[in-house]
Amino acid sequence: MQSFFSSLQLPPTPSYSPDVERNRFSGGSSDCDSPDGSVRASRDSGIYSSPSPPDEHHVCLSQVHLMQLKQYLLSKKPDEISLAISHEHAKILHFLEPNEKLECKAKNGLRLILLPSGSSLRRELIERCSLLRFTCLLSILSGSRRDAHVILKKWILTAVSLARHGDAFACSCMAGALSEKPLECVQWFWTLLDAETKKELEMMRNINKSLMKGERLEHHNHTTIIPFLQPILEIMSGSDSNYVDDTSFATEVESLWKWLDRARHWWHGSRRLM
(Lines of atoms letter the chains of each structure in order from A; the text may use other names.)
(Lines give C-alpha, C1' and ligand atoms only; values in the text may rest on other atoms or scores of the structure.)
Protein backbone atom coordinates (compact mmCIF):
# COMPACT_ATOMS: atom_id res chain seq x y z
CA MET A 545 0.00 0.00 0.00
CA GLN A 546 3.06 2.20 -0.40
CA SER A 547 1.47 4.29 -3.16
CA PHE A 548 -1.10 5.73 -0.74
CA PHE A 549 0.64 5.81 2.62
CA SER A 550 4.17 6.85 1.66
CA SER A 551 4.04 8.72 -1.66
CA LEU A 552 1.14 11.05 -0.95
CA GLN A 553 1.55 14.44 0.66
CA LEU A 554 -0.91 17.11 1.63
CA PRO A 555 -1.61 19.75 -1.01
CA PRO A 556 -0.56 23.30 -0.09
CA THR A 557 -4.06 24.73 -0.54
CA PRO A 558 -6.57 21.88 -0.55
CA SER A 559 -9.82 22.62 -2.34
CA TYR A 560 -11.61 20.29 0.05
CA SER A 561 -13.66 22.02 2.72
CA PRO A 562 -14.88 19.90 5.65
CA ASP A 563 -17.75 22.32 6.24
CA VAL A 564 -18.92 22.08 2.63
CA GLU A 565 -18.83 18.29 2.69
CA ARG A 566 -20.51 18.17 6.09
CA ASN A 567 -23.32 20.40 4.87
CA ARG A 568 -23.70 18.35 1.69
CA PHE A 569 -24.14 15.14 3.66
CA SER A 570 -26.26 16.60 6.45
CA GLY A 571 -28.38 18.80 4.19
CA GLY A 572 -27.88 21.94 6.23
CA SER A 573 -25.46 24.78 6.83
CA SER A 574 -25.77 25.35 10.57
CA ASP A 575 -23.37 24.17 13.23
CA CYS A 576 -24.31 21.01 15.01
CA ASP A 577 -23.27 19.13 18.08
CA SER A 578 -21.49 15.81 18.07
CA PRO A 579 -23.60 12.65 18.40
CA ASP A 580 -22.19 12.19 21.87
CA GLY A 581 -20.58 15.31 23.17
CA SER A 582 -19.44 13.59 26.36
CA VAL A 583 -17.01 11.35 24.52
CA ARG A 584 -15.28 14.03 22.51
CA ALA A 585 -11.90 14.70 24.04
CA SER A 586 -9.96 16.28 21.19
CA ARG A 587 -6.51 17.62 21.97
CA ASP A 588 -5.81 18.83 18.45
CA SER A 589 -2.84 21.01 17.71
CA GLY A 590 -2.25 23.28 14.76
CA ILE A 591 0.96 21.45 13.94
CA TYR A 592 -1.09 18.40 13.01
CA SER A 593 -3.45 20.26 10.70
CA SER A 594 -1.18 22.55 8.68
CA PRO A 595 -0.63 21.13 5.17
CA SER A 596 2.85 21.30 3.69
CA PRO A 597 3.69 21.72 0.01
CA PRO A 598 4.52 18.65 -2.08
CA ASP A 599 8.00 18.06 -3.43
CA GLU A 600 9.24 16.18 -6.47
CA HIS A 601 9.03 12.84 -4.65
CA HIS A 602 5.39 13.18 -3.62
CA VAL A 603 2.06 13.73 -5.29
CA CYS A 604 -0.94 15.61 -4.01
CA LEU A 605 -4.10 13.78 -3.07
CA SER A 606 -5.88 14.16 -6.42
CA GLN A 607 -9.32 12.83 -7.29
CA VAL A 608 -7.69 9.87 -9.03
CA HIS A 609 -5.67 8.96 -5.95
CA LEU A 610 -8.70 9.50 -3.76
CA MET A 611 -10.75 7.05 -5.81
CA GLN A 612 -7.90 4.53 -5.69
CA LEU A 613 -7.69 4.97 -1.94
CA LYS A 614 -11.41 4.41 -1.47
CA GLN A 615 -11.29 1.28 -3.62
CA TYR A 616 -8.39 0.02 -1.54
CA LEU A 617 -10.23 0.68 1.72
CA LEU A 618 -13.33 -1.10 0.46
CA SER A 619 -11.38 -4.13 -0.75
CA LYS A 620 -8.95 -4.67 2.16
CA LYS A 621 -9.41 -5.93 5.69
CA PRO A 622 -8.71 -3.58 8.62
CA ASP A 623 -5.66 -5.61 9.66
CA GLU A 624 -4.20 -5.30 6.17
CA ILE A 625 -4.69 -1.53 6.19
CA SER A 626 -3.27 -1.09 9.68
CA LEU A 627 -0.19 -3.19 8.93
CA ALA A 628 0.45 -1.18 5.75
CA ILE A 629 0.27 2.07 7.74
CA SER A 630 2.48 0.77 10.56
CA HIS A 631 5.03 -0.57 8.08
CA GLU A 632 5.56 2.97 6.80
CA HIS A 633 6.03 4.24 10.37
CA ALA A 634 8.52 1.46 11.09
CA LYS A 635 10.52 2.59 8.06
CA ILE A 636 10.42 6.24 9.12
CA LEU A 637 11.72 5.30 12.59
CA HIS A 638 14.42 3.02 11.11
CA PHE A 639 12.98 -0.07 12.79
CA LEU A 640 13.53 -2.07 9.60
CA GLU A 641 17.26 -1.34 9.34
CA PRO A 642 19.63 -4.32 9.75
CA ASN A 643 20.87 -4.58 13.34
CA GLU A 644 24.51 -4.05 12.34
CA LYS A 645 23.61 -0.58 11.06
CA LEU A 646 22.18 0.35 14.44
CA GLU A 647 25.04 -0.66 16.70
CA CYS A 648 25.85 2.94 17.63
CA LYS A 649 22.13 3.68 18.15
CA ALA A 650 22.57 6.81 16.04
CA LYS A 651 19.77 5.85 13.66
CA ASN A 652 17.34 4.80 16.36
CA GLY A 653 14.34 6.93 15.41
CA LEU A 654 12.94 7.02 18.94
CA ARG A 655 16.27 8.37 20.16
CA LEU A 656 16.55 10.86 17.32
CA ILE A 657 13.13 12.36 18.07
CA LEU A 658 14.47 13.56 21.43
CA LEU A 659 17.57 15.26 20.02
CA PRO A 660 18.07 18.64 18.29
CA SER A 661 19.37 16.73 15.26
CA GLY A 662 15.98 15.01 14.95
CA SER A 663 14.08 18.08 13.74
CA SER A 664 13.55 16.70 10.21
CA LEU A 665 12.27 13.39 11.60
CA ARG A 666 9.89 15.22 13.92
CA ARG A 667 8.58 17.29 11.00
CA GLU A 668 8.09 14.13 8.97
CA LEU A 669 6.09 12.47 11.75
CA ILE A 670 3.99 15.59 12.31
CA GLU A 671 3.25 15.64 8.58
CA ARG A 672 2.43 11.93 8.72
CA CYS A 673 -0.20 12.55 11.36
CA SER A 674 -1.69 15.42 9.34
CA LEU A 675 -1.75 13.27 6.22
CA LEU A 676 -3.46 10.34 7.94
CA ARG A 677 -6.11 12.58 9.46
CA PHE A 678 -6.72 14.46 6.21
CA THR A 679 -6.87 11.23 4.20
CA CYS A 680 -9.27 9.62 6.65
CA LEU A 681 -11.67 12.59 6.61
CA LEU A 682 -11.49 13.10 2.87
CA SER A 683 -12.11 9.44 2.05
CA ILE A 684 -15.31 9.52 4.14
CA LEU A 685 -16.70 12.97 3.37
CA SER A 686 -16.06 13.20 -0.37
CA GLY A 687 -17.78 11.37 -3.18
CA SER A 688 -20.81 9.12 -3.00
CA ARG A 689 -22.99 8.80 0.08
CA ARG A 690 -23.37 5.11 -0.65
CA ASP A 691 -19.91 4.12 0.57
CA ALA A 692 -19.41 6.79 3.24
CA HIS A 693 -20.56 4.84 6.30
CA VAL A 694 -18.80 1.70 5.02
CA ILE A 695 -15.50 3.59 4.82
CA LEU A 696 -16.17 5.13 8.24
CA LYS A 697 -16.59 1.63 9.65
CA LYS A 698 -13.36 0.50 7.97
CA TRP A 699 -11.40 3.35 9.54
CA ILE A 700 -12.84 2.62 13.00
CA LEU A 701 -11.83 -1.03 12.75
CA THR A 702 -8.43 -0.02 11.36
CA ALA A 703 -7.82 2.33 14.30
CA VAL A 704 -8.50 -0.48 16.79
CA SER A 705 -6.34 -2.83 14.74
CA LEU A 706 -3.50 -0.29 14.91
CA ALA A 707 -3.70 -0.41 18.70
CA ARG A 708 -3.77 -4.21 18.74
CA HIS A 709 -0.66 -4.28 16.56
CA GLY A 710 1.13 -1.79 18.82
CA ASP A 711 1.01 1.44 16.80
CA ALA A 712 -0.19 3.94 19.39
CA PHE A 713 0.92 6.87 17.22
CA ALA A 714 -1.29 5.94 14.25
CA CYS A 715 -4.19 4.81 16.45
CA SER A 716 -4.35 8.25 18.04
CA CYS A 717 -4.07 9.93 14.61
CA MET A 718 -7.11 7.96 13.46
CA ALA A 719 -9.03 8.61 16.67
CA GLY A 720 -8.38 12.32 16.27
CA ALA A 721 -9.63 12.31 12.70
CA LEU A 722 -12.77 10.36 13.61
CA SER A 723 -13.62 12.86 16.35
CA GLU A 724 -13.40 15.91 14.07
CA LYS A 725 -16.59 17.98 14.20
CA PRO A 726 -17.25 17.97 10.41
CA LEU A 727 -17.51 14.19 10.64
CA GLU A 728 -19.32 13.93 13.96
CA CYS A 729 -21.96 16.39 12.73
CA VAL A 730 -23.16 14.02 10.01
CA GLN A 731 -25.16 11.96 12.44
CA TRP A 732 -26.58 9.42 10.01
CA PHE A 733 -23.04 8.09 9.50
CA TRP A 734 -23.02 6.95 13.10
CA THR A 735 -26.57 5.66 13.27
CA LEU A 736 -25.87 3.28 10.37
CA LEU A 737 -23.03 1.59 12.25
CA ASP A 738 -23.79 -1.91 13.49
CA ALA A 739 -23.61 -2.76 17.19
CA GLU A 740 -20.23 -4.48 16.95
CA THR A 741 -18.64 -1.50 15.20
CA LYS A 742 -20.07 0.85 17.83
CA LYS A 743 -18.33 -1.27 20.48
CA GLU A 744 -15.08 -0.96 18.55
CA LEU A 745 -15.63 2.80 18.26
CA GLU A 746 -16.03 3.07 22.02
CA MET A 747 -12.90 0.97 22.49
CA MET A 748 -10.97 3.27 20.15
CA ARG A 749 -12.11 6.34 22.07
CA ASN A 750 -11.18 4.77 25.40
CA ILE A 751 -7.73 3.82 24.13
CA ASN A 752 -7.12 7.34 22.84
CA LYS A 753 -8.24 8.91 26.12
CA SER A 754 -5.94 6.54 27.95
CA LEU A 755 -2.98 7.47 25.74
CA MET A 756 -3.60 11.18 26.27
CA LYS A 757 -3.53 10.61 30.03
CA GLY A 758 -0.07 9.09 29.68
CA GLU A 759 -1.06 5.43 29.87
CA ARG A 760 0.44 2.88 27.50
CA LEU A 761 -1.22 0.34 25.21
CA GLU A 762 -0.27 -2.28 27.78
CA HIS A 763 -3.05 -0.81 29.91
CA HIS A 764 -5.39 -2.35 27.30
CA ASN A 765 -3.42 -5.62 27.03
CA HIS A 766 -1.62 -4.61 23.82
CA THR A 767 2.15 -4.45 23.33
CA THR A 768 3.55 -1.06 22.31
CA ILE A 769 5.73 -1.12 19.21
CA ILE A 770 5.37 2.49 18.06
CA PRO A 771 4.58 4.65 21.09
CA PHE A 772 2.28 7.64 21.49
CA LEU A 773 4.62 10.23 19.97
CA GLN A 774 2.26 13.19 19.65
CA PRO A 775 3.03 14.92 22.99
CA ILE A 776 6.80 14.85 22.54
CA LEU A 777 6.47 15.96 18.90
CA GLU A 778 4.48 19.00 20.03
CA ILE A 779 6.82 19.80 22.90
CA MET A 780 9.98 19.43 20.81
CA SER A 781 8.50 21.48 17.96
CA GLY A 782 8.67 24.57 20.16
CA SER A 783 5.00 25.44 19.68
CA ASP A 784 2.39 25.70 22.40
CA SER A 785 1.45 22.18 23.40
CA ASN A 786 -2.02 20.99 24.30
CA TYR A 787 -0.38 18.25 26.36
CA VAL A 788 1.28 20.67 28.77
CA ASP A 789 -0.92 21.97 31.60
CA ASP A 790 -0.24 25.71 31.71
CA THR A 791 -2.57 26.42 34.64
CA SER A 792 0.47 27.42 36.67
CA PHE A 793 4.23 27.22 36.42
CA ALA A 794 4.24 24.16 38.68
CA THR A 795 1.64 22.25 36.65
CA GLU A 796 3.41 23.21 33.42
CA VAL A 797 6.73 21.83 34.63
CA GLU A 798 5.10 18.72 36.09
CA SER A 799 3.24 17.84 32.89
CA LEU A 800 6.31 18.61 30.76
CA TRP A 801 8.46 16.25 32.79
CA LYS A 802 5.74 13.61 32.72
CA TRP A 803 5.86 13.41 28.92
CA LEU A 804 9.66 13.62 28.80
CA ASP A 805 9.82 10.75 31.28
CA ARG A 806 7.45 8.70 29.09
CA ALA A 807 9.72 9.39 26.13
CA ARG A 808 12.79 8.31 28.11
CA HIS A 809 11.10 5.03 29.00
CA TRP A 810 10.15 4.15 25.43
CA TRP A 811 13.58 5.06 24.15
CA HIS A 812 15.25 2.77 26.70
CA GLY A 813 12.73 0.08 25.78
CA SER A 814 13.66 0.37 22.11
CA ARG A 815 17.37 0.01 22.94
CA ARG A 816 16.71 -3.31 24.65
CA LEU A 817 14.94 -4.60 21.55
CA MET A 818 17.85 -3.82 19.24
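Taking my numbering, I'd label the letters of the sequence shown as residues 545 to 818.
Even glycine gets a Cβ: it sits at the ideal position worked out from N, Cα and C.
Between the CA atoms of residue j and residue i - distance to the nearest angstrom
i, j, result
"N786", "G758", "13 angstroms"
"L706", "H633", "11 angstroms"
"S683", "A794", "43 angstroms"
"T767", "L696", "26 angstroms"
"M780", "L658", "7 angstroms"
"R677", "E740", "23 angstroms"
"A807", "L777", "10 angstroms"
"R823", "G710", "The question about residue 823 has no answer here: the residues shown for the chain are numbered 545 through 818."
"L755", "A628", "22 angstroms"
"V704", "L745", "8 angstroms"
"Q731", "K725", "11 angstroms"
"K753", "S792", "23 angstroms"
Assigned exposure category for residue i - 16 Cβ within 10 Å defines buried
i, result
"A721", "buried"
"L637", "buried"
"P660", "exposed"
"N765", "exposed"
"L761", "buried"
"S619", "exposed"
"Q615", "exposed"
"M736", "Before going on, a small fix: residue 736 reads as Leu here, not Met. It counts as exposed."
"E798", "exposed"
Residue i - containing alpha helix (DSSP H), residue span
i, result
"S723", "Where S723 is concerned, there is no enclosing alpha helix (DSSP H), given that its DSSP letter is neither H nor E."
"V608", "Q607 to S619"
"L656", "G653 to L656"
"P775", "Q774 to S781"
"I670", "S663 to L685"
"D623", "P622 to I636"
- Task: Please go through the segment 692-761 and give each complete alpha helix (DSSP H) segment of 4 or more residues, from N-terminal end onward.
- Result: 692-708, 712-722, 725-728, 731-735 and 739-756
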